[in-house]
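Colleague: Take a look at this one; I'll ask things after.
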Amino acid sequence: MILKNFSTSVLLPVITVTMLSFQGTAHSADTDVPGLACPGPSLAPMIKNVPDRSAFPISVKTRQFDARKEGQAEARENVELRRGDQLLTTELLRYDPQQETITMPGKVDYEDSVIYISGTGAQYSFLEESGSFIDVNYGLMGSSARGSADEVTVESRAHSILHGMQFTTCPGETPEWLLSANELELDFDEGVGTVKGAKLQFFDIPFLYLPWMTFPIDDRRKSGFLYPYISTANDTGFEFSIPYYWNIAPAQDATITPRYFTERGFMLTGEYRFMTPRSAGELDFDYMGNDTRTNDSRYYYRFEHGAALNPRWQTRILVDRVSDNEFFQDFSNSLAAASRQYLRSNAGIYGSGRYWRLAVIADDFQVVDDAVDPLNKPYRRLPRIAFDLDRPLGSGGLRLKMDAELVYFDRDIGATGARFDIFPRLTWNVDTDWGYMRPSAGYRYTKYDLNWHGESGDKSPDRGTEIVSFDTGLFLERDSRNGKLQTLEPRLFYLYVPYKDQQGLPDFDTAPFTFGFSQLFHFNRFTGADLQSDANQLTLALTTRSIDPVAGRELWSLSFGQILYFEDQRVIPEAFDETLSKDSSPFIAEFVLHLTRRLSGRIGTQWNWKSNQFDVAVLGATYSAPSGLRLGAEYRYRRGSLDQFDIRYYQPINERWRVLGRFNYSLLDSDLLAAEAGFEYESCCWALRMVAKRFLRNRDGDHRDAIYLQLILKGLGNIGRRSAPLFYDLAY
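To convert a position in the sequence shown, counted from 1, into our numbering, add 242.
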């Protein structure tokens, strides 16, 4: 039968809203820990798009129904109320139209597409939109999230309080973890749950007491604590960190992490992010008021900001600073971070058009490596103005190109001053399906205005030189017998640059390029503009590829080449490799192999024909399996300076266990550079991650030994963003 008096009832929606609070919590946790989840209620899967129930009438089925003259009604025995996907069952239901109340003094069960609940009694006032439910047990459909409450008080549609509540996502009568609280207040307008007097148990052992905490109850970003993590290291001691996510505004947030080191003291780590319609920025910092080992305050901060002034112009700012040279050695968690030599800060404005680009930049460097000689410290560039032009002249392939730069170099020691460098040139591009031809002719001019600070030298030296090149290549292809497409791509590159005496020029930012395959086709062997190499040389190169035309991917490629010098090179700094002044350069070969989409390898070599040995060698291979297995191995060699190998491993053993490892060793120094070993265990409702690391922390050969540990309780999920990386970001 249809009970018309209930047509405006809000009882069923209120029950749904009250218990829906835990949906966001359980769901957000699943985004952080992959895969395994506890079996949820078998009644129905969770439906995220709840139907509009206002369009459905409320029907009542009962064995006995009494209606009195004053409007009071009573339904008894197998009472069922339905509206859409909602179902409420009880044995006794009383309705008072004068008070607009409904009372169910006995057992009450409710379910819909989202939640199910059960209680020993309930009453609700439609007039005040308030009520209470006694001895409630609840759970989420399609999820393992469940719990109980001594009493649920509904104060309004948007405000409810759970007294004596418990919550878990673990199955069984004795869940592996359990959150209990004296009171849980749910504010649906704000999307926030507030817990008072909370206690967290893990395997029946209380390990966290919280007098007060908040968490999200819907998909909106909320402020709150993220997963804590602990670690221990031989130079910082035991560390405990608990990040707090602060949702400041829709376009602003921050993560603040108090950290305690038993051997160092307290440190505060923070990250602040903001966005506007035309800009975005981020501030990261670490601050320790007093390092108990050094008795000094220590800090690191990095601020980055970018803004679009209009479609053509933008600004970028980067400030990167640290309190002392040992900060990264003492507090970093990787070899790459501990071995930093410089921190760069800069600010600039950048513009671009159809044929041009302009950058006006000021930058500075902080040296954080004591081994860097003051004479080799990078110069401040205050400012650097760079202009690039690439404009077609007609439709015949002729182009005008120009690179221009004006820089003022400043430093506390050595020569300072301004440098103007300009390189205009004409190029002619002739491109066809079977090849190309690109002759180029230009003139590079460099002018200085110097202050030698007491040293002898020309205050206004300059240098001008012609640069002529001719680049040509062919694209040949054929069908191979196995149905693949094979290419043959020969290439010639001739370069002529007359010798110019450059002994009187300063060295602001010049260094030799790392010689590789791309350097076979470059007009200068040096970075910067202080040195322009002389050249009368021809590069011979050949590339061949095998391509799968069906899949549209490259199976392998082989490239090799060499420079033939027709004249000895005379612009050779003392630190430069003398072999480049001989009849020919080292022979360079690169081979890249893609056996399958999951297995690939590469080999790169430089063979010195004079000494009959390798100057450079790089060998590497990677493999990824459908099971999640990932392997990587690489060997790197540079004669006299580098000889090391690096092996990485990541393996999901089964649905619960995952392991990883890394071994990076220097054969030249007979020393371990970095090693990692870790595992993750994941049950359906919790996960444990642990990574042990050892890596070189300074040039003295000292190592850092550290262990990182993180416990994740699914259902007490991340708030706002993913928790601190510990396992997956280190996996490969």
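C-beta atoms are modelled at their ideal positions from N, C-alpha and C, and glycine is treated no differently.
What's the call for residue 189, buried or exposed, on a 16-neighbour Cβ count within 10 Å?
Modeller: Residue 189 is absent from the structure shown; the chain starts at 243 and stops at 974.
Colleague: What does the Cβ neighbour count give for residue 945, buried or exposed, with the cut at 16 atoms within 10 Å?
Modeller: Burial call: buried.
Colleague: Distance check for residue 599 and residue 960, CA to CA, integer angstroms please.
Modeller: At residue 960 the pLDDT is 43, less than 50, meaning the model places this residue with poor confidence and gives no usable figure here.
Colleague: Quick check: what's the CA-CA separation for residue 744 versus residue 766?
Modeller: C-alpha separation (whole angstroms): 14 Å.
Colleague: Report the residue ranges of all beta strand (DSSP E) runs contained in full by the segment 466–500; include only those spanning at least 3 residues, in chain order.
Modeller: Runs found: 471–475, 479–483, 486–491.
Colleague: What is the C-beta distance between residue 705 and residue 688, in whole angstroms, given that I count them as a contact (C-beta under 8 Å)?
Modeller: Contact flag correct, Cβ pair sits at about 5 Å.
Colleague: Over what stretch of residues does the alpha helix (DSSP H) that includes residue 577 continue unbroken?
Modeller: That run of the alpha helix (DSSP H) goes 577–580.
Colleague: Within a Cβ cutoff of 6 Å, which residues of the same chain sit near residue 423, ignoring the five residues on either side of it in sequence?
Modeller: Within the same chain, residue 423 has close Cβ partners 407, 437, 439, 440.
Colleague: Put residue 217 into one of helix, strand or coil per three-state DSSP.
Modeller: As shown, the chain starts at 243 and ends at 974. That puts residue 217 outside it, with no answer to give.
Colleague: Measure from the alpha carbon of residue 889 to the alpha carbon of each residue in 863, 896, 937, 883, then state which is nearest.
Modeller: Cα-wise, what sits closest to residue 889 is 863.
Colleague: Is there contact here, the segment 702–716 with the segment 726–736, by at least three beta-carbon pairs under 8 Å?
Modeller: The segment 702–716 vs the segment 726–736: in contact.
Colleague: With respect to the alpha helix (DSSP H) encompassing residue 571, which residues constitute its N-terminal and C-terminal limits?
Modeller: Where residue 571 is concerned, the enclosing alpha helix (DSSP H) stretches over 569–573.
Colleague: Using 8 Å as the cut-off, can you tell me whether the segment 798–810 makes contact with the segment 829–836, which would need three or more C-beta pairs spanning the two stretches below that distance?
Modeller: These segments touch.
Colleague: Which residue comes first and which comes last in the beta strand (DSSP E) that contains residue 875?
Modeller: Counting along the chain, the beta strand (DSSP E) containing residue 875 begins and ends at 872–880.
Colleague: List in chain order: all unbroken beta strand (DSSP E) runs of 3+ residues lying wholly within the segment 697–722.
Modeller: Complete beta strand (DSSP E) runs here, min 3: 704–716, 718–721.
Colleague: Name, in chain order, the residues that DSSP records as bridge partners for residue 852.
Modeller: Looking at the DSSP assignment, residue 852 forms no beta bridge with any residue, so it has no partner.
Colleague: Report the three-state DSSP secondary structure of residue 297 (helix, strand or coil).
Modeller: Three-state result, residue 297: helix.
Colleague: Looking only at C-alpha atoms, which of 850, 881, 892 sits nearest to residue 868?
Modeller: When each option's Cα is compared against that of residue 868, the closest is 892.
Colleague: Could you compute how far the alpha carbon of residue 841 sits from the alpha carbon of residue 789?
Modeller: Each residue's alpha carbon lies about 16 Å from the other.
Colleague: When burial is assigned at 16 or more other CB atoms within 10 Å of the CB, is residue 904 buried or exposed?
Modeller: Buried, since its Cβ has 16 or more Cβ neighbours within 10 Å.
Colleague: Per DSSP, residue 305 is paired with what?
Modeller: In DSSP, residue 305 forms no bridge with anything.
Colleague: What did DSSP end up calling residue 532 once you bin it into helix, strand or coil?
Modeller: Residue 532 falls in the strand class under three-state DSSP.
Colleague: Using a Cβ-Cβ distance under 9 Å, would residue 577 count as near chain D?
Modeller: You won't find chain D in this structure, because it holds only one protein chain.
Colleague: Going by DSSP in three states, residue 724 sits in which element: helix, strand or coil?
Modeller: Three-state result, residue 724: coil.
Colleague: Measuring only the C-alpha atoms, how far is residue 472 from residue 886?
Modeller: Cα-Cα distance, rounded: 32 Å.
Colleague: For the beta strand (DSSP E) containing residue 409, list its first residue and its last residue.
Modeller: Looking at the DSSP string, the run of the beta strand (DSSP E) that includes residue 409 is 401–410.
Colleague: Taking only the alpha-carbon atoms, compute the straight-line gap between residue 952 and residue 933 and give it to the nearest angstrom.
Modeller: Roughly 9 Å between the two C-alpha positions.
Colleague: Is the beta carbon of residue 590 closer than 9 Å to that of residue 603?
Modeller: Contact: yes.
Colleague: With distances taken Cα to Cα, identify the nearest neighbour of residue 565 among 538, 631, 354.
Modeller: Ranking the options by Cα distance to residue 565, first place goes to 538.
Colleague: Quick check on residue 616: does DSSP put it in helix, strand or coil?
Modeller: It is helical.
Colleague: Ignore the nearest five residues each way along the sequence and tell me which others in residue 930's own chain have a CB closer than 6 Å to its CB.
Modeller: Closer than 6 Å at Cβ, skipping near neighbours: 923, 953.
Colleague: Mind checking residue 586: buried by the 16 CB within 10 Å criterion, or exposed?
Modeller: Residue 586 is exposed by the Cβ-count criterion.
Colleague: Run the CB neighbour count on residue 518, radius 10 Å, all protein chains shown included, and call it buried at 16 or more, exposed below.
Modeller: Under this definition residue 518 is an exposed residue.
Colleague: Please report how far the alpha carbon of residue 884 lies from the alpha carbon of residue 912, in whole angstroms.
Modeller: Answer to the nearest angstrom: the Cα atoms are 11 Å apart.
Colleague: Could you pull out every residue in the same chain whose Cβ sits closer than 7 Å to the Cβ of residue 263, ignoring the five residues on either side in sequence?
Modeller: Annotation note: pLDDT 34 at residue 263 (below 50); position unreliable, coordinate value reported separately. Once the five neighbours on either side are set aside, the close Cβ partners of residue 263 are 428, 435, 459.
Colleague: Let me know the secondary structure DSSP gives residue 250 once reduced to three states.
Modeller: Because the pLDDT at residue 250 is just 29, under 50, the model does not fix this residue reliably, and the point stays unresolved.
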